[in-house]
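Engineer: Numbered according to mature numbering (1 follows the signal peptide of the UniProt record, and there is no 0), the sequence shown spans residues -23 to -1, 1 to 146.
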Amino acid sequence: MKQWIKAASLGLVILSSSMYANAAEATQKIGYVSTGQAMSELATRYKVQEKLQKEFSGRVAALRSIEGKMKTKIEKMKRDGELMTPQQRTDIQRELAALDSDYKLKAKALSEDQRRRGMEEEQKLVKKIRTAIDTVAKKNGYNVVLDAQAVLFANKSDDLSSKVIAAVK
């Protein structure tokens, strides 16, 4: 009999605590934001790609110039190679090797700088999105805001993506 009373009281405690937990959960307001969509739209709005292309256009042009010089030297070797003296061929091969190493060095530096600047611009957008999410969540009374990729199912009314995109300044 004592065990039955203990089991019943334990069941009552679990039931009441789960009811309390459900009541607490009912007061939580949860929304979600498609951060990928927000990043894409804001990158387009702020013309990030065009900005980076413009920033690095001089260095890209310098690389294309080196490519042109290399093509010219290669064509000259193909066209006049049999008529050249061994010294002339050696000189052109050395020039090609120098142009090739210069090209590779500049291309690697450009690639690294573009990647770094791209990350900097992305971080700026992420900061703006997070600020907008905080603002929208507080304004609309949301307790939790998740990334849409983490949500398996949600009501469309809890999608804050368009509000967040509109709130980004």
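Think of the CB as a built atom: it goes at the ideal place given N, C-alpha and C, for glycine as much as any other residue. The model shown is predicted, which means the values in this text are computed figures rather than measured ones.
Taking its Cβ as the centre, do 16 or more other Cβ atoms sit within 10 Å of Val10, making it buried, or is it exposed?
Structural biologist: When all chains shown are included, Val10 counts as buried.
Engineer: Examine chain B for any beta-carbon lying closer than 7 Å to the beta-carbon of Lys50, and answer yes or no.
Structural biologist: Checking the listed chains, one finds no chain B in this structure; it contains a single protein chain.
Engineer: State buried or exposed for residue 228, treating a residue as buried only when at least 16 other CB atoms are found within 10 Å of its CB.
Structural biologist: Summary: the structure shown does not reach residue 228, with the chain confined to residues -23 through 146, and so no result is reported for it.
Engineer: In the structure shown, what three-state DSSP assignment does Gly8 receive?
Structural biologist: Correct three-state label for Gly8: strand.
Engineer: At the level of alpha carbons, what is the spacing between Ser138 and Ala114?
Structural biologist: Rounded to the nearest angstrom, the two C-alpha atoms are 11 Å apart.
Engineer: Using the DSSP secondary-structure output, state which residues sit across from Leu123 in a beta bridge.
Structural biologist: In the DSSP output, where bridge partners are listed per residue, Leu123 has Tyr9.
Engineer: Rounded to a whole number of angstroms, what is the C-alpha to C-alpha distance between Leu60 and Ala75?
Structural biologist: If you take the alpha carbons of Leu60 and Ala75, they lie about 23 Å apart.
Engineer: Give, in chain order, every unbroken run of the beta strand (DSSP E) that is at least 3 residues long and sits entirely within the stretch 96 to 140.
Structural biologist: Fully enclosed beta strand (DSSP E) runs of 3 or longer: 121 to 124.
Engineer: Who are the Cβ neighbours of Ala84 in its own chain at under 7 Å, not counting the five residues just before and after it?
Structural biologist: Excluding positions up to five away in sequence, the list reads Leu40.
Engineer: Which class does Val25 belong to by DSSP, given the choice of helix, strand or coil?
Structural biologist: Of the three classes helix, strand and coil, the one that applies to Val25 here is helix, per DSSP.
Engineer: For my contact list, Val122 and Ile106 are in at a C-beta cut-off of 8 Å; report their separation, rounded to the angstrom.
Structural biologist: Between Ile106 and Val122 the Cβ distance is about 11 Å, and since that is not below 8 Å, they are no contact.
Engineer: Kindly give me the distance between the Cβ atoms of Gln29 and Arg94, rounded to whole angstroms, as I take these residues to be in contact under 8 Å.
Structural biologist: It should be noted that the sequence gives Leu, not Gln, for residue 29. The Cβ separation is near 6 Å, so the contact holds.
Engineer: From this set, Ser134, Leu102, Ala144, Gln91, which residue's C-alpha is nearest Phe33's C-alpha?
Structural biologist: Of Ser134, Leu102, Ala144, Gln91, the residue nearest in Cα terms is Gln91.
Engineer: Please name the residue in Thr108, Asn117, Glu99, Asp135 whose C-alpha comes closest to that of Tyr23.
Structural biologist: Among Thr108, Asn117, Glu99, Asp135, the Cα nearest to that of Tyr23 belongs to Glu99.
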